[in-house]
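S.K.: My questions all concern the structure below.
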Amino acid sequence: MFAVIVGGFFLLFWHFRRAPLFVLLGVLFISFGLGAVRYGLKDRKGISPELKNAVGQNSVLTGVVVREPDERENSTRLLVKSEKGGDKILVVAGRYPEFSYGDILRLEGTLEEPVRRLADSDFDYKAYLAKDEIFLEMFYPEIRKTGEGAGWKLKEALISIKQKYVQNLSRALPEPEASFLAGLTVGARKSIPQKVLDDFTKVGAIHVVALSGYNVTIVARAVAGFFGSFLPYFASVFAGLAGIFLFAVLTGASATVVRASIMAAILYFAGLSGRVYQAKTALFVAGFLMILLNPKILRFDLSFQLSFLATLGLLYISPFVEKFAGFLPRKFLIKESAVATLSAQIAVLPVLLYSTGAFSVVSLPANVLILVAVPAAMFFGFLAGVAGFLNYWLAAPFGWLAYVLAAYQLKAAELFASLPFSQINF
Amino acid sequence: MKKFFEKYKPKYIFILGLFFTASLAWFAVYGAGRGTLQVVFLDVGQGDAIFVETPEGVQVLIDGGPNKSVLGELSEVMPFYDRSIDAVVLTHPHLDHVGGLVEVLKRYEVGYAVESGAGHSIAEFAEWHNLLEKMGVAKVQARRGLRLELGGGILLDFLLPEKMEESDDPHKNMAVSRLSYGRTCFLFTGDMERELEWRILEDNIGCQVLKVGHHGSKTSTSDAFLEAVKPDFAVISAGRANRYGHPNEAILEKLGASGAKVFRTDIAGTIFMESDGKEISASRNSL
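In order, the protein sequence lines correspond to chains A and B.
Plus 2 on top of the position in the first sequence (first one is 1) and you've got this note's numbering.
Plus 25 on top of the position in the second sequence (first one is 1) and you've got this note's numbering.
Listed below in structure tokens is the structure:
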């Protein structure tokens, strides 16, 4: 509030003295102040008065599963919106029985407030959950399903299509390749073994399976390329953007995916039209809107920070990097992925160092080698998953091609991660 | 564009032809099997999972470990295009044996499911029954005298359970089996405890390979039983630094003193064994 008043004074000064410095300072202070106010407003809501007294006690609640269940190796995380008080509760449950989005559950267990710090880590778990307005947890309650279909119908339908698609892949291909391809194509990374995720993190290529803007851009290009073969240019660009939208909904439209999709749309637009300037503006508008919607992501959501910075790097830094990359061959997108990786890496480096305390030395070669195979792996993996709706034997040949590519990518990540100097820790 | 294809056509056709021939050769190599009986003790952490493949390519999976980790292990021992397993055996419905089988049922086409008939209240076991129903897998009740003919003279004979006991403890109704090929045999004990061991002492249980009961816990492997089996190789399937303290020190000493060579999945990882019908060779690494 104070900052807004100070900013107002600066603008008042400007009214008398007409120096541009005052405008700049004025706008800076006002926006900082308004931002702080917005942030404060967001933070005020906590546990509802209805459930406040139930914390720490054995209680019985009814609620709806409002997010696709997050299946881990030995447990499943369910986000349940309580009927009473409307609180969102993070429920840690056993792997079976399985529940799905939109199920109505009766929970009997102890409501708990999340602990601020997890053991031996300085990660603020409580704030991390609070950014999504989750203030309550329940561990292994007794769960009984009392109904279903209480979610958003379109989302229910799309999630069930996606699950069937992932199941098609996992029936056609062995692990870990099947779940890797599921992660690559529709961002379903839930069943990828921790070891594989660790390897990809270590070589700085985790964005490949996290459904980053890069994957989404590939989808857009493929859709546009397909329609471009028989439609006019403008229509194919539009089809590409429409492809991004449908893809975002198909993959469950989680906040992360929506964000990646917006970034992808911006990059796609910049790449096609060459209007880098507009793309830069669009990036800032998109960033502004996302933060306005939920100001906490600016501080607590690593994936937002990284995807915003990476896009920033691709728009601002890549022209400089490209000048030094003249010697690289254009074949197989080697130059393109090297330039993109390097410029995105430079942009995210400070945040990455701060958040993980580790720097991946092999990131550049690993990314180039892995990214080279991404478009083809996505293409064949997607065909295999779709063909599986019709028949297993139709899916198998596509699956085998995708398998070879996926196996290569996994091997590359494993190899680079196993190098003793692959990562520098601070 | 047309010119381009005309110019390179012979070359590409040649390369494609080579690729095709090479793939066929590999298919043939895999399809023919390896000519020996393979028994692989998969490293699934704290739990049991044993993969058997006969020279004719018949595959049996005995238990599935606690979770999905069995899937990655199966990918190592099965070719990538092979999405079926002829039979799975569930020795008893504890989580560290049934958990991974649920994931296997979801992903592989399974011909037969052999189970001990013991009951247990965990959700994974309920899911196992759901999936058997849903996937249309034929259920077979394990009983003393049940024999699975795996082809090529290879037999999987069940020694237990003899009769179902009224008990809440799944260990009381264990499916115990003996895999034999020529002069060689393997004894798969699941989590069999001492009182069950005593019941099969009179059987033909002298085998070169013993899957040590209950992950090497002191509840199993009595002196009399070890004397009757007299294994050359003893395999313990347990997780690294597991919270149960498996395997037990005294059992390890006892096995060592009996002259058996001890293999542990918690130390060596996946353990490969093969039999040509005359003798068994074991290795820690892929054959």
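The beta-carbon is built from N, C-alpha and C at its ideal position, and this holds for glycine as well.
Owing to the predicted nature of the structure, the values given are computational and were not obtained by experimental measurement.
Cα separation between S247 (chain B) and G387 (chain A)?
M.R.: Within the second sequence, the letter at position 222 stands for residue 247 (chain B). Within the first sequence, the letter at position 385 stands for residue 387 (chain A). Cα to Cα, S247 (chain B) sits roughly 51 Å from G387 (chain A).
S.K.: Look at the alpha carbon of R219 (chain B) and the alpha carbon of S245 (chain B), and state the distance between them as a whole number of angstroms.
M.R.: Within the second sequence, numbered from 1, the residue matching residue 219 (chain B) stands at position 194. Within the second sequence, numbered from 1, the residue matching residue 245 (chain B) stands at position 220. So the alpha carbons of these two residues sit roughly 5 Å apart.
S.K.: Grouping DSSP H, G and I as helix and E and B as strand, with all else coil, what is Q233 (chain B)?
M.R.: Here the question's residue 233 (chain B) lines up with position 208 in the second sequence. Note: Q233 (chain B) maps to coil in three-state DSSP.
S.K.: What are the partner residues of I106 (chain A), as DSSP defines its beta bridges?
M.R.: Translated into positions along the first sequence, residue 106 (chain A) becomes position 104. I106 (chain A) is bridged to A:V66 and A:G149.
S.K.: Among residues of its own chain, excluding the 5 on either side of E144 (chain A), which ones have a beta-carbon nearer than 8 Å to its beta-carbon?
M.R.: By 1-based counting over the first sequence, the position of residue 144 (chain A) is 142. Excluding positions up to five away in sequence, the list reads L109, E110 and G111.
S.K.: Looking at chain A, is there any beta carbon in it that lies within less than 9 Å of the beta carbon of A148 (chain B)?
M.R.: Within the second sequence, numbered from 1, the residue matching residue 148 (chain B) stands at position 123. Closer than 9 Å to some Cβ of chain A, the Cβ of A148 (chain B) qualifies, so yes.
S.K.: So which residues on chain A does S100 (chain B) lean against when the C-beta distance must stay under 7 Å?
M.R.: Indexing the second sequence from 1 puts residue 100 (chain B) at position 75. Result: P176 and E177.
S.K.: Considering only their Cβ atoms, is the gap separating L212 (chain B) from Q256 (chain B) smaller than 9 Å?
M.R.: Within the second sequence, the letter at position 231 stands for residue 256 (chain B). Within the second sequence, the letter at position 187 stands for residue 212 (chain B). It is worth fixing the name first, because residue 256 (chain B) is Pro in this sequence and not Gln. Cβ atoms of P256 (chain B) and L212 (chain B): closer than 9 Å.
S.K.: For I293 (chain A), which residues does DSSP report across the bridge?
M.R.: Taking the first sequence and counting its residues from 1, the one referred to as residue 293 (chain A) is at position 291. Per DSSP, none; premise fails for I293 (chain A).
S.K.: Using the beta-carbon count (16 or more within 10 Å), is A414 (chain A) buried or exposed?
M.R.: Numbered from its first residue, the first sequence carries residue 414 (chain A) at position 412. Result: buried.
S.K.: Against N76 (chain A), what residues of chain B qualify as contacts under a CB-to-CB distance less than 7 Å, listed in chain order?
M.R.: Against the first sequence, residue 76 (chain A) aligns to sequence position 74. In chain order: N92.
S.K.: Between M127 (chain B) and chain A, is any beta-carbon pair separated by less than 9 Å?
M.R.: Your numbering for residue 127 (chain B) matches position 102 in the second sequence. Note that residue 127 (chain B) is Val in the sequence shown, not Met. V127 (chain B) counts as touching chain A.
S.K.: Cutting at 7 Å between CB atoms, please list the residues of its own chain near K27 (chain B), excluding the five before and the five after it.
M.R.: Numbered from its first residue, the second sequence carries residue 27 (chain B) at position 2. For K27 (chain B), the predicted model reports a pLDDT of 47, less than 50, meaning its position is unreliable and no value from the coordinates is stated.
S.K.: Can you tell me whether DSSP reads N170 (chain A) as helix, strand or coil?
M.R.: Your numbering for residue 170 (chain A) matches position 168 in the first sequence. Of the three classes helix, strand and coil, the one that applies to N170 (chain A) here is helix, per DSSP.
S.K.: Can you list, in chain order, the residues of its chain whose CB lies under 8 Å from that of L366 (chain A), leaving out five sequence neighbours each side?
M.R.: For this step, residue 366 (chain A) is matched to residue 364 along the first sequence. Once the five neighbours on either side are set aside, the close Cβ partners of L366 (chain A) are A340, T343, L344 and Q347.
S.K.: With H, G and I counted as helix, E and B as strand and the rest as coil, what does DSSP make of A224 (chain A)?
M.R.: Locating residue 224 (chain A) in the first sequence gives position 222, where the first residue counts as 1. Three-state DSSP puts A224 (chain A) in a helix.
S.K.: My assumption, with CB atoms under 8 Å, is that A389 (chain A) sits in contact with F400 (chain A). Please give the rounded CB distance.
M.R.: As a working mapping, residue 389 (chain A) is identified with position 387 in the first sequence. As a working mapping, residue 400 (chain A) is identified with position 398 in the first sequence. So it is a contact: roughly 6 Å between Cβ atoms.
S.K.: Can you tell me which residues form a DSSP beta bridge with T78 (chain A)?
M.R.: For the purposes of this step, residue 78 (chain A) is taken as residue 76 along the first sequence, with counting starting at 1. T78 (chain A) pairs with A:E73 and A:A95.
S.K.: May I have the straight-line CA-CA distance separating S311 (chain B) from F297 (chain B), to the nearest angstrom?
M.R.: As a working mapping, residue 311 (chain B) is identified with position 286 in the second sequence. As a working mapping, residue 297 (chain B) is identified with position 272 in the second sequence. Low local confidence applies: a pLDDT of 42 at S311 (chain B) is under 50, so the model's placement there is unreliable, and no value is given.
S.K.: Less than 8 Å between the CB atoms is what I'm expecting for F160 (chain B) and V139 (chain B), so what's the real figure, rounded?
M.R.: In the second sequence, counting from the first residue as 1, residue 160 (chain B) sits at position 135. In the second sequence, counting from the first residue as 1, residue 139 (chain B) sits at position 114. Rather than Phe, the amino acid found at residue 160 (chain B) in this sequence is Met. The Cβ separation is near 15 Å, so there is no contact.
S.K.: CA-CA distance, A262 (chain A) and H154 (chain B)?
M.R.: One-based indexing of the first sequence puts residue 262 (chain A) at position 260. One-based indexing of the second sequence puts residue 154 (chain B) at position 129. Taking the straight line joining both Cα atoms gives about 40 Å.
S.K.: By the DSSP assignment, the beta strand (DSSP E) with T209 (chain B) in it spans what residues?
M.R.: Numbered from 1 along the second sequence, position 184 holds the residue referred to as residue 209 (chain B). Element bounds for T209 (chain B): T209 to F213.
S.K.: If we count the other Cβ atoms within 10 Å of its Cβ and call it buried at 16 or more, is I354 (chain B) buried or exposed?
M.R.: Here chain B comprises residues numbered 26 to 312, so residue 354 (chain B) is not present and cannot be evaluated.
S.K.: Anything in chain B within Cβ reach of W395 (chain A), meaning under 9 Å, just list it in chain order.
M.R.: Sequence index remark: in the first sequence, residue 395 (chain A) carries index 393 (1-based). Near W395 (chain A) there are no residues of chain B at all, since even the closest Cβ is about 10 Å away, more than 9 Å.
S.K.: Do V65 (chain B) and V123 (chain B) have their CB atoms nearer than 9 Å?
M.R.: In the second sequence, the residue the question calls residue 65 (chain B) occupies position 40. In the second sequence, the residue the question calls residue 123 (chain B) occupies position 98. Contact flag unset, no.
S.K.: Taking Cβ positions, are A222 (chain A) and G242 (chain A) nearer each other than 9 Å?
M.R.: By 1-based counting over the first sequence, the position of residue 222 (chain A) is 220. By 1-based counting over the first sequence, the position of residue 242 (chain A) is 240. Cβ distance < 9 Å, so A222 (chain A) and G242 (chain A) count as in contact.
S.K.: State yes or no: is the beta carbon of K286 (chain B) nearer than 9 Å to at least one beta carbon in chain A?
M.R.: Mapped onto the second sequence, residue 286 (chain B) falls at position 261. No, K286 (chain B) does not count as interfacial toward chain A.
S.K.: Can you list the residues of chain B that Y405 (chain A) reaches, using a CB-CB cut of under 9 Å?
M.R.: Counting from 1 along the first sequence, the entry for residue 405 (chain A) is found at position 403. Under the 9 Å cutoff, chain B gives F105 and Y106.
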